[in-house]
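Novice: One structure, pasted below without further comment.
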Amino acid sequence: MAICGGLRSEYFWHKEVGPAPCSGTGAPELSGFPITLDNRAVYPGPPPSQTDVVVIGGGVIGVCTALYLARAGRRVTLLEKGRIAGEQSSRNWGWIRQQGRDPAELPIMIEALRLWRELADEADMDIGLRQTGVTYLADNARQMAGYEAWAGIATAHGVDTRMLDPGAVAAMFPGLARRYAGAMTTPSDMRAEPWLAVPALARIAARAGVRIVEGCAVRRLDVAAGRITGVFTEAGRITCAQVVLAGGAWSALFLRNHGISLPQLSVRETVVATAPIADVHAGAAADKRLAFRRRADGGYTLAAGGVAELFIGPDAFRALPHYLPQLRAAPFDQTYRPAAPRGFPDGWRTPRRWGAEDQSPFERMRILNPAPNARLVARVRRDFAALYPGLGPVTVKAAWAGMIDTMPDVVPVLDRSPDIEGLVIGTGMSGHGFGIGPGAGRCLAALVMGDEVGHDLTRFRASRFTDGSPIRLPPL
Ligand SMILES: Cc1cc2nc3c(=O)[nH]c(=O)nc-3n(C[C@H](O)[C@H](O)[C@H](O)COP(=O)(O)OP(=O)(O)OC[C@H]3O[C@@H](n4cnc5c(N)ncnc54)[C@H](O)[C@@H]3O)c2cc1C
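Numbering (this note's numbering), first residue to last: 1 to 476.
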């Protein structure tokens with residue numbers, strides 16, 4: 001079904017949009033997510049026939065890249081197969097953290113914090129940006145040693161990370177039922193409400209001149225003599241010389257159709273939103289089993305640690321050799337499901353090859369909306385209630401899941417494609433792309449324009465999986 005241009009044209013957005021509504025019984029609402037095709041598109045087509053840069057994907061990475069390109073005077077068209085922020089960029093925990101990042105990401109993330117503040121000021125609504133800190137709680141001395149090593153990296157970059165002893169943890173988290181061996185905390189880290197923030201950034205981008213089209217999949221690139229001459233969309237061809245691929249979980253599938261192999265996989269993460277509850281901690285925190293973050297509406301966003309679920313498909317087998325170091329380092333951080341649901345990027349029956357005239361897998365699945373894992377929903381509610389017995393019953397207001405696009409070395413690709421001239425790739429954000437989004441977008445825009453990026457992007461080069469380099473895992 002081609003829906004480009006077929007969606008209603010009036011400006012529309014749920015200002016109060018948030019996780020799916022409370023069932024009233026405390027039982028999780030296990031289906032649906034607020035950004036769906038049922039609520040009308042804000043940015044319907046039609047796409048132009050010509051533009052300077054096409055950005056593929058309306059998540060935080062595509063939106064921010066488009067924004068900074070438009071600010072630099074480029075004519076930019078952003079094409080989104082479903083809805084702005086319909087996938088990972090609205091489903092995430094809302095942590096904006098420097099803490100725990102790969103040292104190569106840290107300078108970009110420090111810049112992103114500054115950009116988030118600027119963007120929050122420009123936004124037409126409160127996106128929930130608050131500087132409330134991020135804390136990692138340690139179960140034992142071994143974890144503390146790992147955190148201490150990372151705190152050294154933070155200090156070298158001027159980040160305010162510090163270690164907490166068990167007494168300081170108890171003082172910072174009153175009401176905890178258990179005692180931790182200590183913690184690492186970064187007070188300058190922030191939080192925001194993703195399903196509000198990324199659409200608000202898109203509205204800033206639209207005001208800056210970005211032409212946003214929702215419900216319009218890019219089927220493939222038009223490439224002549226090794227360089228981009230345009231893109232084929234489901235609504236026709238657009239002439240352009242530059243393309244940014246920010247397709248999240250779909251990027252590897254998009255590239256494979258052009259003969260480019262990227263060992264990117266997707267894992268399911270389940271998220272739970274509690275109803276408003278007493279304020280036990282204003283920021284975000286996690287131990288190895290549970291992560292929690294206070295939301296602007298007074299509830300907590302909860303998730304289970306170390307339970308990424310990989311649906312096994314052909315790409316998982318292809319990419320396996322690249323993932324061996326990660327599997328050896330943390331063999332139990334992943335659970336495996338025999339097959340991806342129909343139409344998922346790594347589904348067994350998902351086509352790997354198609355032409356400009358064929359319906360692509362992208363338009364067959366407008367929004368990647370995996371069902372949350374009901375067992376994990378129950379587990380995180382139980383764990384949170386047990387951690388804070390003083391809270392009384394914890395009511396689940398909503399539950400959802402997202403597919404995280406991940407890479408073997410848990411850092412993204414931010415690079416010009418070595419294979420196709422005019423293509424810039426920004427993908428594989430590996431579960432931490434929301435916070436760094438504005439910084440990564442600013443870097444990608446600089447790559448498109450051939451400007452000085454201002455950060456060393458060597459670690460994020462696309463060729464690292466083919467140039468014989470060993471897989472280097474991040475410190476934490
Ligand atoms: C449960 C969960 C928790 C997370 N928690 C955090 C967190 O607390 N902090 C943090 O920093 N990060 C977090 N992340 C990660 C973060 O959400 C992602 O890294 C980030 O949103 C990725 O943004 P993106 O723009 O690359 O991808 P996405 O948001 O997935 O956007 C990609 C878009 O591209 C579109 N698209 C794909 N192919 C095409 C095509 N051919 N044509 C047109 N459109 C196309 C898709 O429809 C999609 O909307 C979390 C992720 C999940 C799922």
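Beta carbons are placed, not taken as given, at the ideal position from N, Cα and C, and that holds for glycine.
1. Of the choices Gly435, Asp467, Pro474 and Arg83, whose alpha-carbon is the least far from that of Leu119?
2. Given Arg289, which residues of its chain have a CB within under 8 Å of its CB, disregarding the five upstream and five downstream residues?
3. Opposite Arg237 in the DSSP bridges: which residues?
4. In angstroms, rounded to a whole number, what distance separates the CA positions of Ala284 and Ile96?
5. Who does Thr36 pair with in a DSSP beta bridge?
6. Residue range of the beta strand (DSSP E) that Met403 falls in?
7. Return the chain-ordered list of same chain residues with a C-beta closer than 6 Å to the C-beta of Thr239, the five sequence neighbours on each side being excluded.
8. Since Leu115 is in the alpha helix (DSSP H), which residue starts that stretch and which ends it?
9. By Cβ distance below 6 Å, which residues in the same chain neighbour Leu302 in space, the five residues on each side in sequence not counted?
10. Nearest to Leu324 by alpha carbon, out of Val410, Gly146 and Met172?
11. Are there three or more Cβ pairs, one per stretch, closer than 8 Å when the stretch 156-171 is compared with the stretch 183-193?
12. Regarding Arg91 and ligand 2, is the C-beta to nearest heavy atom distance less than 6 Å?
13. Should Gln88 be counted as a contact of ligand 1 given a C-beta to heavy atom distance under 6 Å?
14. I'd like to know if the stretch 273-283 and the stretch 248-262 are in contact, where contact means that at least 3 CB-CB pairs between them fall below 8 Å.
15. From Ala282 to Ala374, what distance separates their C-alpha atoms?
16. Give a yes or no on whether the C-beta atoms belonging to Pro408 and Ile367 are separated by under 7 Å.
17. What did DSSP end up calling Ile96 once you bin it into helix, strand or coil?
18. Pick helix, strand or coil for Ala225, following the three-state DSSP scheme.
19. Counting C-beta neighbours from all protein chains within 10 Å, is the total for Ala278 16 or more, i.e. buried, or is it exposed?
20. With DSSP as the reference, label Val271 as helix, strand or coil.
21. Output the distance between the C-alpha atoms of Arg295 and Gly100, rounded to the nearest integer angstrom.
22. Given Glu16, which residues of its chain have a CB within under 8 Å of its CB, disregarding the five upstream and five downstream residues?
23. Cα separation between Gly468 and Ala339?
24. Between Gly175, Ile420, Arg83 and Tyr68, which has its C-alpha nearest Glu363's C-alpha?
25. If we cut at 7 Å on Cβ distances, does Thr458 have a partner in chain C?
Specialist: Quick look at the numbers:
1. Translated into positions along the sequence shown, residue 119 becomes position 119. Closest by alpha carbon: Gly435.
2. In the sequence shown, counting from the first residue as 1, residue 289 sits at position 289. Closer than 8 Å at Cβ, skipping near neighbours: Ala304, Gly305, Gly306 and Asp383.
3. Mapped onto the sequence shown, residue 237 falls at position 237. In DSSP, Arg237 forms a bridge with Phe232.
4. Residue 284 sits at position 284 when you count from the first residue of the sequence shown. Residue 96 sits at position 96 when you count from the first residue of the sequence shown. So the two alpha carbons sit approximately 9 Å from each other.
5. Counted from its first residue, the sequence shown places residue 36 at position 36. DSSP lists no partner for Thr36.
6. Stepping through the sequence shown from its first residue, residue 403 is reached at position 403. Met403 -> beta strand (DSSP E) spans Val396 to Thr406.
7. Taking the first residue of the sequence shown as 1, we reach residue 239 at position 239. Excluding residues within five positions, the ones whose Cβ falls inside 6 Å are Gln50 and Gly230.
8. Locating residue 115 in the sequence shown gives position 115, counting from the first residue. Here the alpha helix (DSSP H) through Leu115 covers Leu106 to Glu122.
9. Counted from its first residue, the sequence shown places residue 302 at position 302. Same-chain partners within the cutoff: Val272, Phe292, Val380 and Phe384.
10. For the purposes of this step, residue 324 is identified with residue 324 of the sequence shown, where counting begins at 1. Comparing Cα positions, the closest option is Val410.
11. As far as the Cβ criterion goes, the stretch 156-171 touches the stretch 183-193, which means the pair count is three or higher.
12. With respect to small molecules bound, the structure shown includes ligand 1 and not ligand 2.
13. Counting from one through the sequence shown, the residue named residue 88 turns up at place 88. Residue side-chain check: Gln88 places its Cβ nearer than 6 Å to a non-hydrogen atom of ligand 1.
14. The stretch 273-283 is not in contact with the stretch 248-262.
15. Locating residue 282 in the sequence shown gives position 282, where the first residue counts as 1. Locating residue 374 in the sequence shown gives position 374, where the first residue counts as 1. Rounded to the nearest angstrom, the two C-alpha atoms are 27 Å apart.
16. Translated into the one-based positions of the sequence shown, residue 408 becomes position 408. Translated into the one-based positions of the sequence shown, residue 367 becomes position 367. Their beta carbons are not under 7 Å apart, which means Pro408 does not touch Ile367 by this criterion.
17. As a first step, residue 96 is located in the sequence shown; it is residue number 96 there, counting from the start. In the structure shown, Ile96 sits in a strand (DSSP, three-state: E or B).
18. By 1-based counting over the sequence shown, the position of residue 225 is 225. In this structure, Ala225 counts as coil in the three-state DSSP scheme.
19. As a working note, residue 278 is residue 278 in the sequence shown. Flag for Ala278 reads exposed.
20. Counting from one through the sequence shown, the residue named residue 271 turns up at place 271. Here Val271 carries a strand assignment [DSSP, helix/strand/coil].
21. If you number the sequence shown from 1, residue 295 lands on position 295. If you number the sequence shown from 1, residue 100 lands on position 100. The alpha-carbon atoms of Arg295 and Gly100 are separated by roughly 21 Å.
22. In the sequence shown, counting from the first residue as 1, residue 16 sits at position 16. Because the pLDDT of Glu16 is 25, which lies under 50, any placement of that residue in the model is unreliable, and the number read from its coordinates should be weighed accordingly. Closer than 8 Å at the Cβ level, and outside the excluded window around Glu16, lies no residue.
23. For the purposes of this step, residue 468 is taken as the residue at position 468 of the sequence shown. For the purposes of this step, residue 339 is taken as the residue at position 339 of the sequence shown. Approximately 30 Å between the Cα atoms of the pair.
24. The residue labelled residue 363 in the question sits at position 363 within the sequence shown. When only C-alpha atoms are compared, the closest one is Arg83.
25. Here chain C cannot be found, since the structure has a single protein chain.
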